[in-house]
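Letter by letter, the sequence shown follows residues -27 to -1, 1 to 257 in mature numbering (1 follows the signal peptide of the UniProt record, and there is no 0).
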Amino acid sequence: MRRLVARTLARPLVLAAAAAAIPPASAAPAAADVVVGGFPVDVSQSPWTVALSSRDRFGDTRAGQFCGGVAVGRTAVLTAAHCMSEEVLGTAPGRAYDLKVIAGRTDLLSKQGTEIAVRNVWVNPGYDGTTNVGDFAVLTLAQPLPQTSVIAMAGPGDPAYAVGTTALVYGWGDTTGGGGYAHGLHAARVHVLADAACREAYPGGWGGTYRSESMLCAGEPAGGRDACQGDSGGPLVADGRLIGLVSWGDGCGRAGSPGVYTRVSDIVRTLRGDRGARARQQGA
Ligand code: 4AZ
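Rendered as structure tokens:
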């Protein structure tokens, strides 16, 4: 299992779509445990959790879902920068013409909720695709979501970042660690871990490098519950506030290999300093 999500995401989803269209003779029933080690949830319990979709790129089977996202404003959705990379999208984000955000849909096979076009994609200019530092992007929606679908971001110094805090991660991603993509939204309960746990797990080199300024370490010391492929860009929520975006890790749910999330306080800091630049780029 590769460390950096971007390298492994696109192809498994396309394969999953093909497999779903032509079920193998020995098709197993859908796993109950998902995200990895999680449980099914209705999107009304987490209305800020959205799916990113491109049917052109990822096929129609699961409504084109390829990453997660989270509404932090009525027209502002955060996702992972690597979800907007050419490696994942197969093209520049400006050329993914059918890029949409799906809100209010628990089951990707249903017509529930709304599909909203993405008017603008802003990738954090500080994102480094090699180290995964600064792994976030802001999507501007063509239509506003209701205010009830917006979650607050936990800023610098928020107590929700304390080690030991219980958090929930949400997504439509791999529920098995082996390419078993969910069509229903799932959540898994994890804990904020000490930076030291991720520094030890990801000291650099082939294992990836954990950087505590821009990343957040979360999972279970014994493994079992975790985000996985296809969950990238989706929310990690504690005390009703957004603390992380699914970013990377070594495999899914492995003991000693926690999940690495984009640290939302670093996003808040970056966006504060960069508001002018973003407005100019959007021509707003
Ligand atoms: C991925 O490939 C991925 N266990 C996302 C999260 C994690 C690992 C991989 C964390 O999208």
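Note that the Cβ used here is the ideal one computed from N, Cα and C, for glycine as well.
Taken in chain order, the whole beta strand (DSSP E) runs of length 3 or more contained in the segment 52 to 108 are 73 to 76 and 87 to 96.
With fewer than 16 neighbouring CB atoms inside 10 Å of its own CB, Lys84 falls in the exposed class. Here the C-alpha atom of Ala135 lies approximately 7 Å from the C-alpha atom of Val165. One Cα belongs to Ser187, the other to Pro208, and the distance between them is close to 15 Å. Just measuring C-alpha positions, the residue of Ser238, Ala140, Val16 and Trp145 sitting nearest Phe39 is Trp145.
Between the segment 153 to 162 and the segment 112 to 128, the count of C-beta pairs closer than 8 Å stays below three; the two stretches do not touch. Looking at the DSSP output, Thr113 sits in a beta bridge with Ala49 and Asn93. Setting aside the 5 residues that flank it on each side, Val9 is surrounded in the same chain by Asp147, Thr148, Thr149, Gly150, Ala161, Gly197, Arg198, Asp199, Ala200, Cys201, Cys225 and Gly226, each with a C-beta closer than 8 Å to its C-beta; the list follows chain order. Counting of Cβ neighbours within 10 angstroms places Tyr70 among the exposed residues, the total staying below 16. If the five residues before and after Lys73 are omitted, its C-beta is found closer than 8 Å to the C-beta atoms of Leu25, Ser26, Ser27, Gly37, Glu88, Ile89, Ala90 and Val91, all from its own chain and listed in chain order. By the Cβ test, the segment 232 to 239 is in contact with the segment 204 to 219, since at least three Cβ pairs between them sit closer than 8 Å. Burial check for Asp108: the Cβ neighbour count within 10 Å reaches 16 or more, so the residue is buried. Taking all protein chains shown into account, Gly177 has fewer than 16 neighbouring C-beta atoms within 10 Å of its C-beta and is therefore exposed. Nearest to Gly32 by alpha-carbon distance, out of Glu60, Tyr175, Leu81 and Gly42, is Leu81. Membership of Arg162 in the beta strand (DSSP E) is indicated by the continuous run His159 to Val165. Between Ser230 and the set Ile75, Ala195 and Arg245, the nearest pair of CA atoms involves Ala195. Taken atom to atom, the span from the alpha-carbon of Pro119 to that of Val61 is near 29 Å. Ser17 sits exposed, since fewer than 16 C-beta atoms from the chains shown fall within 10 Å of its C-beta. With fewer than 16 other Cβ atoms inside 10 Å of its own Cβ, Ala228 counts as exposed.
For Ala200, no beta strand (DSSP E) segment is defined, and its DSSP state is neither H nor E.
Where Cys171 is concerned, the enclosing alpha helix (DSSP H) starts and stops at Asp168 to Ala174. When C-alpha distances from Val96 are compared across Thr138, Ser58 and Val233, the shortest belongs to Ser58.
Spanning the alpha carbons of Ala54 and Ala155 requires a straight line of approximately 22 Å.
The closest CA to that of Gly203, considering only Val45, Arg184 and Gly153, is found on Gly153.
Taken atom to atom, the span from the alpha-carbon of Arg35 to that of Ile75 is near 11 Å. Rounded to the nearest angstrom, the gap between the Cα atoms of Trp21 and Trp179 is 34 Å.
The shortest CA-to-CA distance from Val23 to any of Gly11, Arg47, Arg30 and Phe12 is the one to Arg47.
For Arg28, the enclosing alpha helix (DSSP H) begins and ends at Arg28 to Phe31. In the three-state DSSP reduction, Val237 falls in the helix class (H, G or I).
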